[in-house]
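To start, the structure under review is shown below, and the notes come after it.
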Amino acid sequence: MRTKTEKLRLALMSSDYDVVVLTETWLHGNILDSEFSANYKIFRLDRNTATSSAARGGGALVAVKSDLGAREVELANCERLEQSTVRINFHSFSLFVCGIYVRPRTTPDVYTLHAESVQQILEKATDQDVVVVVGDYNLPDLVWVFDEDVGGFLPANASSDAEVALTESFLANGLVQINFLLNNSNRLLDLAFVNDAAAFELLQPPNSLLPIDAPHPPFVLKLEICAHTPASESIDPVAEEFDFKRCNFETLNSRLEAVDWSTMDTAGSLDDAVTEFYDQLLNVLRDTVPVRARRFRCPSRTPPWWNSQLRNLRNQLRKARKRFVNRSSWGNKVTLSYLETEFAEQQVTSYQNYIAGVQDNLQSNPKNFWSYVKERKQVGEIPTDVSSQDPTVPPEQLNELATYNINLPLLTVSVAEVKKALGSVDAAKGPGPDRIPPSVVKNCCSSLARPVTSIFNRSLSEGAFPSEWKVASITPIHKSGSRAKVENYRSISILSCLAK
3 MRTKTEKLRL ALMSSDYDVV VLTETWLHGN ILDSEFSANY KIFRLDRNTA TSSAARGGGA
63 LVAVKSDLGA REVELANCER LEQSTVRINF HSFSLFVCGI YVRPRTTPDV YTLHAESVQQ
123 ILEKATDQDV VVVVGDYNLP DLVWVFDEDV GGFLPANASS DAEVALTESF LANGLVQINF
183 LLNNSNRLLD LAFVNDAAAF ELLQPPNSLL PIDAPHPPFV LKLEICAHTP ASESIDPVAE
243 EFDFKRCNFE TLNSRLEAVD WSTMDTAGSL DDAVTEFYDQ LLNVLRDTVP VRARRFRCPS
303 RTPPWWNSQL RNLRNQLRKA RKRFVNRSSW GNKVTLSYLE TEFAEQQVTS YQNYIAGVQD
363 NLQSNPKNFW SYVKERKQVG EIPTDVSSQD PTVPPEQLNE LATYNINLPL LTVSVAEVKK
423 ALGSVDAAKG PGPDRIPPSV VKNCCSSLAR PVTSIFNRSL SEGAFPSEWK VASITPIHKS
483 GSRAKVENYR SISILSCLAK
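Read left to right, the sequence shown gives residues 3 to 502 (the working numbering).
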């Protein structure tokens, strides 16, 4: 997979699988998770010196749709295993998914370690939870026979230490093997163990995410879940926001010039003056700036190379996938296979044209290039649940750090100085907590200079800073290590434009 990251990236862009498990990935630390897809959260264990003396090969990867809020499951004594385990919490149960790669001719103790790790998973699971353990076990001589009583396959000839170490433990814990798709040598190397065989349906996909490796035919596990819509997808149809892109700044400036800002001078405190300023400003904005419905959605992850034709084909593809999953008839399979191939070919062409355009316009439009680089380096969302081991500091200690005794002469600023400063802000930046973008401040610098100067000078004379301008939007940026730990983040504080 090391040489197929681009193919996998494009495939995941249009994938409807909630969970994808890949084994023998051949990945290493220099390949970032973000190189695959922003639509999925990646959990992986690459080959390392603890799992094998070989420098290349091996590895396991589990990719989960980002909006499902998957978390890594920490298991003891798994250092020698090329294995990754995740947990997805739903309304009434959890889904545990474990993906593993076991290299050929592995010693029995590795299978024993894996069986013990699965035992840990089962101990964490409740009776309502669902457990799935899939992987390349490389036990080519092991034959599996269907048993109607268990609804799955049982080993018919487990005799070697490795075979016994795996199967005895799994069977004793109620796990059933349900994969029946033999490879080109009429053997079964990839196994799928579940704790509830009746809940699953195993399908052979008409097309695969990556080119098929003949010894390892891909398979799909269908599990029907009644899931609640994530909160991040909710929409408030009532909320509105100003549409400053359609704002007539000439009209806005004219209205702001006519405002009687003297009411700020009689305000009881600095904070009252700032409140009066925003009240007057918002009254003018409501009269002069168009509004639009404010939608609280996750940012769109539609790739920039998807044109209208590709999006239309994508919609057809999703419908065909649903039909095939609900009824895997020959006709549905043929239709889906055709659409999968057609979409993949068109997406590759569109992607190549996009990359060529970014390269050709590097000097004239470098922004597109850096947007592409940023998107490739960007990692998924912050986990829904994070933990922290930071010590708690009493507020009294923090207040002691803020004490000071400095005598400075009284400073004042002029309207001209403030107008110049307001006119020099970067209009391309986004708004802060007050929702007033820098573009408004810049385009209205002449009409806003006088009231803002009044606030600045009062702040300097009273030695205080407006409470309204202390409010900031905090964006956590992941540094390194586990994304589920607070201490592995640094924060970026976004202030309102006037507070800067």
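Just so you know, even glycine gets a beta-carbon here, dropped at the ideal spot from N, CA and C.
In the DSSP assignment, the residues bridged to Q179 are F155, F195. Only buried fits W263, as 16 or more other CB atoms lie within 10 angstroms of its CB.
Only residues of its own chain outside the window of five on either side were considered, and among them V473, S475, S498 have a CB closer than 6 Å to the CB of P435, listed in chain order. The three-state secondary structure of W146, taken from DSSP, is strand. Of the candidates E470, N41, T51, S493, the residue whose Cα lies closest to the Cα of L83 is T51.
According to DSSP, residue pairing for I479 in a beta bridge involves R492. Under DSSP, Q85 forms a beta bridge with I102.
Unbroken beta strand (DSSP E) runs of no fewer than 3 residues, entirely contained in the stretch 409-483, are found at 474-480, following chain order. Its chain contains I90 as the residues whose beta carbon lies nearer than 6 Å to that of L70, once the 5 sequence neighbours on both sides are disregarded; these appear in chain order.
DSSP lists S96 as the beta-bridge partner residues of N91. In this structure, the CA atom of V23 is about 6 Å from the CA atom of L63. Boundaries cannot be given for I214, as no beta strand (DSSP E) includes it and DSSP labels it neither H nor E. For Q130, same chain residues with a beta-carbon under 7 Å away, outside a window of 5 residues either side, are S94, F95 in chain order.
Residue S16 holds the alpha-carbon nearest to the alpha-carbon of L341 among K369, S16, L10, T5. Residue P453 holds the alpha-carbon nearest to the alpha-carbon of E419 among G483, P453, R107, P439.
Per DSSP, V135 is one residue of the beta strand (DSSP E) stretching across 132-138.
Within 10 angstroms of the beta-carbon of L364 lie fewer than 16 other beta-carbons, which makes it exposed. Three or more beta-carbon pairs drawn from the stretch 144-159 and the stretch 189-201 are found closer than 8 Å, and the two stretches are therefore classed as touching. Here F467 is exposed: its Cβ has fewer than 16 other Cβ atoms, across all protein chains shown, within 10 Å. Excluding its 5 nearest sequence neighbours in each direction, W307 has C-beta neighbours in its own chain below 6 Å: S352, Y353, Y356, listed in chain order.
Annotation: L10 to V417 spans about 58 Å, alpha carbon to alpha carbon. N175 and R73 have their C-alpha atoms spaced approximately 24 Å apart.
Three or more beta-carbon pairs drawn from the stretch 97-115 and the stretch 53-61 are found closer than 8 Å, and the two stretches are therefore classed as touching. DSSP lists E243 as the bridge partner or partners of R294. When the Cα atoms are used, K335 and F326 turn out to be separated by approximately 6 Å.
Straight-line spacing of the CA atoms in C446 and T290 works out to 13 Å.
Looking only at L287, L77, E243, D35, the smallest Cα-Cα distance to A295 is reached by E243. The residues L272, A275, in chain order, have a CB closer than 7 Å to that of R460 in the same chain once the five nearest residues on each side in sequence are set aside. Minimum Cα-Cα distance from V133 among the listed residues P110, I180, F371 corresponds to I180. By the neighbour-count definition (other C-beta atoms within 10 Å, threshold 16), Q206 is an exposed residue. C-alpha of L14 to C-alpha of R248: approximately 36 Å in a straight line. The residues S16, L315, R316, L319, in chain order, have a CB closer than 7 Å to that of F345 in the same chain once the five nearest residues on each side in sequence are set aside. Our two residues, D428 and K444, have alpha carbons roughly 8 Å apart in a direct line.
Annotation for K67: the continuous beta strand (DSSP E) segment containing it runs 62-67. Restricting attention to A358, K43, I496, L312, the CA atom closest to the CA of Q348 is found in L312. Secondary structure note for Y353: it is in no beta strand (DSSP E), and the uninterrupted alpha helix (DSSP H) holding it is 332-362.
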